[in-house]
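To start, the structure itself, in structure tokens.
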Amino acid sequence: MAEGKDDPNLWHQRFGHMSSQGLKCLHSKGKLPDLKSVEVDFYESCVLGKQKRVSFKKTGRVPAKEKLELVHTDVWGPASVSSAGGKQYFVTFIDDHSRKVWIYFLKHKSEVFDAFKRWKARVENETGLKIKKLHSDNGGEYEDSEFKRFCYLSEIKLSRTVLGTPQQNGIAERINRTLTERARSMRLHSGLPKQFWAEAVNIAAYLINRGPSKPLDLAIPEEIWTGKKVKLSHLKVFGCVSYVHIGDHARNKLAPSQ
Numbered sequence: 002m003a004e005g006k007d008d009p010n011l012w013h014q015r016f017g018h019m020s021s022q023g024l025k026c027l028h029s030k031g032k033l034p035d036l037k038s039v040e041v042d043f044y045e046s047c048v049l050g051k052q053k054r055v056s057f058k059k060t061g062r063v064p065a066k067e068k069l070e071l072v073h074t075d076v077w078g079p080a081s082v083s084s085a086g087g088k089q090y091f092v093t094f095i096d097d098h099s100r101k102v103w104i105y106f107l108k109h110k111s112e113v114f115d116a117f118k119r120w121k122a123r124v125e126n127e128t129g130l131k132i133k134k135l136h137s138d139n140g141g142e143y144e145d146s147e148f149k150r151f152c153y154l155s156e157i158k159l160s161r162t163v164l165g166t167p168q169q170n171g172i173a174e175r176i177n178r179t180l181t182e183r184a185r186s187m188r189l190h191s192g193l194p195k196q197f198w199a200e201a202v203n204i205a206a207y208l209i210n211r212g213p214s215k216p217l218d219l220a221i222p223e224e225i226w227t228g229k230k231v232k233l234s235h236l237k238v239f240g241c242v243s244y245v246h247i248g249d250h251a252r253n254k255l256a257p258s259q
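Take the sequence shown: its letters are residues 2 to 259, numbered as in my numbering.
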């Protein structure tokens, strides 16, 4: 039986297998249709998508007061299978104030510096603000002399974790873990092969930015970043069948329009 727009299971899938609590929060904010319930069915893909939790002690810290005042970053990879586009890694940048996450896919770790420069230009042009502090672990990609010189000339303060203490980079670590778990659940549910992991991770980031954030008292990162209300009516289930309309100029009279 087809799921209706008021079915919580449909929105659970559209939102990358979000929890019932998350759906309840979005529903209370008026972001979802009038659902008949916020309880969702059991999905094996949700269980299989979760990995063993690594416990990070809660610090009780509050988000930065301004956008780009503090940015967290972390690199994930290598993937067990290259993506459809030949990528093996991804790097995330998280604005501490809004908790919005940006993601760049990489073939090699050495591409982190270039990704950071592109992201920096993008967000600084978008906001008119400057990045003040960049927090990361002690990965070699962040210890590169060119990277450090670029940050010095850009007046960006670099902050590093102490070796052997990943919890000090907890925000970025948690985001990357959430991204991979949500992506794994979506891919397993869709039945798509492993090489589509990057597409799933990219959609997971899009959804996380439009879902409630606990550190923001359940505010939505995209709304904090842009100052505009998000709309969710366009969301579809990851991996669902879709059709592309072919215009008259690109087909003959007997060809299908899709």
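In this text, a Cβ means the ideal position worked out from N, Cα and C, and glycines have one as well.
Comparing alpha-carbon positions, which option in I172, G240, W12 and L208 lies nearest D97? Of the candidates I172, G240, W12 and L208, the one whose C-alpha sits nearest the C-alpha of D97 is I172.
Which residues DSSP lists as bridging W103, in chain order: Paired residues: F94.
Assuming K158 contacts K134 (C-beta within less than 8 Å), just tell me the rounded distance between them. Rounded, the Cβ-Cβ distance is 5 Å, consistent with contact.
Sort out for me which residues DSSP pairs L1 with in a bridge. Outside the displayed range of the chain (2 to 259) lies residue 1, so it cannot be described from this structure.
Per-residue burial, D35 [other beta carbons within 10 Å of its own, 16 or more giving buried]: When all chains shown are included, D35 counts as exposed.
Meets three-Cβ-pair contact criterion under 8 Å: the stretch 76-92 and the stretch 221-236: With the rule of 3 Cβ pairs closer than 8 Å, the stretch 76-92 does not count as touching the stretch 221-236.
For a test of the three-state rule: what should DSSP assign to S29, helix, strand or coil? Three-state result, S29: helix.
Extent of the continuous alpha helix (DSSP H) to which R318 belongs: In the structure as shown, the chain starts at 2 and stops at 259, and residue 318 therefore has no counterpart that could be examined.
Local Cβ density within 10 Å of G86, reported as buried at 16 or more and exposed below that: So G86 counts as exposed.
Which value, in whole angstroms, describes the spacing of the CA atoms of L69 and S99? Answer to the nearest angstrom: the Cα atoms are 9 Å apart.
Suppose contacts are defined by Cβ-Cβ distances below 8 Å. Is H28 in contact with L71 by that definition? Against a cut-off of 8 Å, the Cβ pair of L71 and H28 comes out as no contact.
What span of residues does the alpha helix (DSSP H) with D115 cover, start to end? It spans V113 to T128 - the alpha helix (DSSP H) in which D115 sits, taken as one unbroken run.
Just the Cα atoms here: how many angstroms apart are W12 and V202? Cα to Cα, the separation comes out at about 18 Å.
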